[in-house]
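S.K.:
Number of protein chains: 2
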Amino acid sequence: MKFVYQGKTKDVYSLDDGNYLLKFKDDVTGEDGVFDPGANTVGLQIEGAGKAGLRLTKFFFEILREKGIPTHYVSANVDAAEMIVKPAKIFGHGLEVICRYRAVGSFLRRYGKYAVEGQELDAFVEVTLKDDERQDPPISADALNMLGILSLSEYEELKNLTQQISGIVKDELQKRNIELYDIKLEFGRTENSNDIMLIDEISGGNMRAYKDGVYIEPLELEKLLVAQI
Amino acid sequence: MKFVYQGKTKDVYSLDDGNYLLKFKDDVTGEDGVFDPGANTVGLQIEGAGKAGLRLTKFFFEILREKGIPTHYVSANVDAAEMIVKPAKIFGHGLEVICRYRAVGSFLRRYGKYAVEGQELDAFVEVTLKDDERQDPPISADALNMLGILSLSEYEELKNLTQQISGIVKDELQKRNIELYDIKLEFGRTENSNDIMLIDEISGGNMRAYKDGVYIEPLELEKLLVAQI
């Protein structure tokens, strides 16, 4: 096992069999001590956050595997806060794919002239570049294609996968009377065949969820879901 | 003739026959006294800027009319700095459609991780919302469609028209050894049939043009072109 990369919320190690090990940390993104899934900085440490995030990730990735949706997931050891994943090639320097069911966050900051807070959005998908320096700018299918990051047909596949996966997460939350407002996913290509698959994680830190109109903090969300898993 | 609206660079009057009269002013957009076609504020006044802008607008709109491309143009009186146009309905609260042949300006500010300054772009089209408060955010075809601003088929038509018109402008500049880097257009729907047509103006203030690698100021560009019209 060899250390490869230190991420904001996970460390990455390579394994001898070609797979990778993700070590979930207790760091969460945010600013000034307030959690914000859209933030680029690590704002605070919460004890148990890593394991809670992994528990939820395991839960969702195993559902996705059952449904035949391609992901990088191999296995997870929640007690050790470790997940084993297949190797993946990211798109360019990394993309985030967001699926929105209600207008909040950066969507509202950009399109507030045309949308009111909390307005329903029809599984709206948008892609942003991972670029801290430029505040993760949104980017269109045409621009992704022109810059050689993603072809137009890959974009369509990415969009469809995003809507499928987000719909599955939304349904799981809905069973517990929790409403998914938006979710942020990451994708990559498989090492050999270039097929698109979901990578990274699906935890409270990737989504905004509300119960009876009240926002649920990621760790609280994980407790609410995991208690019933 | 009735005053309707005071724009940044033009005033608008309604005429008895249902058409509108645009009065071109000597104000140009920019910041701190420096011209910037992408700016939202009027930065300075240049004597003759209104007439020069109209002269170029007349030139281009008459070429477009010959080529059968739909615009709001009826006629122009350069000495009076007046242009008569057909009524148009704008999309939402107004869109700007940009066609880019080289990576400069806001494109580079957003996508500088993937593009170098001046890099060739293949008539890349993007749409931004006219929204000073939110710094004219870029918006995707899907978002325009979802927010009821433009349907997906209208977006394709807008994109095709933009590439056609920008190509015509690029060719005209090329005849004078001037290279078009990018151009900003506005479109609207005709009053009765909802057909898409080019509105506003095509002047130095709408584009970035370079000669022998040196940026040409709008008024200088208008002189260079008009001298040979």
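In order, the protein sequence lines correspond to chains A and B.
If you count the first sequence from 1, position 221 lands on 221 in full-length UniProt numbering, and the numbers rise without skipping.
If you count the second sequence from 1, position 28 lands on 28 in full-length UniProt numbering, and the numbers rise without skipping.
Positions of the beta carbon are idealized from the N, C-alpha and C atoms, including for glycine.
Please read all numbers here as calculations on a predicted model, not as lab measurements.
Under the DSSP definition of a beta bridge, which residues are partnered with F61 of chain B?
M.R.: Its beta-bridge partners do not exist; DSSP assigns none.
S.K.: At a Cβ threshold of 8 Å, is T9 of chain A touching chain B?
M.R.: No - not a single Cβ of chain B is within 8 Å of the one on T9 of chain A.
S.K.: Please go through the same chain and pick out, in chain order, the residues whose beta-carbon is closer than 6 Å to the beta-carbon of I229 of chain B, but skip the five residues on each side of it.
M.R.: Note that I229 of chain B scores a pLDDT of 49, beneath 50, so its modelled location is shaky and nothing firm can be said.
S.K.: Provide the residue span of the beta strand (DSSP E) that contains E31 of chain A, from first to last.
M.R.: Start and end: D27 to E31.
S.K.: Under the rule that 16 or more other beta-carbon atoms within 10 Å means buried, what is G48 of chain A, buried or exposed?
M.R.: Exposed, because fewer than 16 other Cβ atoms sit within 10 Å of the Cβ of G48 of chain A.
S.K.: Report the residue ranges of all alpha helix (DSSP H) runs contained in full by the stretch 42-103 of chain B; include only those spanning at least 4 residues, in chain order.
M.R.: Complete alpha helix (DSSP H) runs here, min 4: 49-66.
S.K.: What does the Cβ neighbour count give for V34 of chain B, buried or exposed, with the cut at 16 atoms within 10 Å?
M.R.: Burial call: exposed.
S.K.: What's the C-alpha gap between A76 of chain A and G7 of chain A?
M.R.: Going by the C-alpha atoms only, they are around 18 Å apart.
S.K.: Does the stretch 21-30 of chain B come into contact with the stretch 74-88 of chain B, if we say contact requires no fewer than three beta-carbon pairs (one atom in each stretch) closer than 8 Å?
M.R.: Result yes; three or more Cβ-Cβ pairs closer than 8 Å.
S.K.: Identify, in the order they occur along the chain, each residue of the same chain with its Cβ nearer than 8 Å to the Cβ of A123 of chain B, setting aside the five sequence neighbours on each side.
M.R.: For A123 of chain B, where only same-chain residues beyond five positions count, the Cβ hits under 8 Å are C99, R100, Y101, Q163, S166 and G167.
S.K.: Can you give me the C-alpha to C-alpha distance between E186 of chain B and L219 of chain A, rounded to a whole angstrom?
M.R.: Approximately 47 Å between the Cα atoms of the pair.
S.K.: So the beta strand (DSSP E) L21 of chain A belongs to, where does it begin and stop?
M.R.: Y20 to F24 is the extent of the beta strand (DSSP E) around L21 of chain A.
S.K.: Check whether the Cβ of I229 of chain B lies closer than 8 Å to any Cβ atom in chain A.
M.R.: At I229 of chain B, the pLDDT of 49 sits below 50, so the modelled position is not reliable; the number obtained from the coordinates is stated separately. Chain A contact via Cβ: absent.
S.K.: Residues of chain B with a CB under 8 Å from the CB of F124 of chain A: which are they?
M.R.: D142, A143 and M146, listed in chain order.
S.K.: Nearest-angstrom Cα distance between S151 of chain B and L144 of chain B?
M.R.: Spanning the two alpha carbons is a distance of roughly 7 Å.
S.K.: From V104 of chain B to L56 of chain A, what distance separates their C-alpha atoms?
M.R.: For V104 of chain B and L56 of chain A, the distance between alpha carbons rounds to 43 Å.
S.K.: Taking only beta-carbon positions, decide if R189 of chain B is within less than 8 Å of chain A.
M.R.: No, R189 of chain B does not count as interfacial toward chain A.
S.K.: Mind listing, in chain order, the continuous alpha helix (DSSP H) runs of no fewer than 4 residues lying wholly within the stretch 100-162 of chain B?
M.R.: Counting only runs of 4 or more, we get 105-111 and 141-146.
S.K.: Among A:G68, A:K113, A:E96 and A:L108, which residue has its Cα nearest to the Cα of G94 of chain B?
M.R.: Of A:G68, A:K113, A:E96 and A:L108, the residue nearest in Cα terms is A:K113.
S.K.: Looking only at C-alpha atoms, which of B:E191, B:D131 and B:I139 sits nearest to K89 of chain B?
M.R.: With distances taken between Cα atoms, K89 of chain B lies closest to B:E191.
S.K.: Per DSSP, what are the beta-bridge partners of T190 of chain A in this structure?
M.R.: T190 of chain A is bridged to A:A88.
S.K.: Between which two residues does the alpha helix (DSSP H) holding K223 of chain B run?
M.R.: Per DSSP, K223 of chain B belongs to the alpha helix (DSSP H) from P218 to V226.
S.K.: Does DSSP put K10 of chain B in a helix, in a strand, or in coil?
M.R.: Correct three-state label for K10 of chain B: strand.
S.K.: Is there at least one Cβ from chain A nearer than 8 Å to R176 of chain B's Cβ?
M.R.: Closer than 8 Å: no.
S.K.: Can you tell me the Cα-Cα spacing of K223 of chain B and A52 of chain B, whole angstroms?
M.R.: Answer to the nearest angstrom: the Cα atoms are 8 Å apart.
S.K.: Please check if any C-beta of chain B sits within less than 8 Å of the C-beta of A209 of chain A.
M.R.: No - not a single Cβ of chain B is within 8 Å of the one on A209 of chain A.
S.K.: Given that A81 of chain B touches chain A, what residues does it touch there, using C-beta distances under 9 Å?
M.R.: Residues of chain A passing the Cβ test: none, with the nearest at roughly 31 Å.
S.K.: Give the residues of chain B in contact with D131 of chain A, contact being defined as C-beta atoms less than 7 Å apart.
M.R.: What D131 of chain A touches in chain B: K113.
S.K.: Under DSSP, the beta strand (DSSP E) around K175 of chain B begins and ends at which residues?
M.R.: It is not in any beta strand (DSSP E) - K175 of chain B carries neither H nor E in the DSSP assignment.
S.K.: Please confirm if R102 of chain A has its CB atom under 8 Å from at least one CB of chain B.
M.R.: R102 of chain A does not count as touching chain B.
S.K.: Straight-line CA distance for T71 of chain A to L64 of chain A?
M.R.: Their backbone Cα atoms lie some 8 Å apart in a straight line.
S.K.: Using CA atoms only, rank isn't needed, just tell me which of A:E179, A:L161, A:K175 and A:A141 is closest to G118 of chain A.
M.R.: Ranking A:E179, A:L161, A:K175 and A:A141 by Cα distance to G118 of chain A puts A:E179 first.
S.K.: Would I196 of chain B pass as an interface residue toward chain A - the criterion being a Cβ-Cβ separation below 8 Å?
M.R.: Not one chain A Cβ lies under 8 Å of I196 of chain B.
S.K.: For T128 of chain A, count the other beta carbons within 10 Å of its own beta carbon; 16 or more makes it buried, fewer makes it exposed. Which is it?
M.R.: Classification of T128 of chain A: buried, given that the 10 Å Cβ count is 16 or more.
S.K.: I'd like the list of long-range same chain contacts for L221 of chain A, defined as Cβ closer than 6 Å, with 5 residues on each side in sequence excluded.
M.R.: Excluding positions up to five away in sequence, the list reads G204 and A209.
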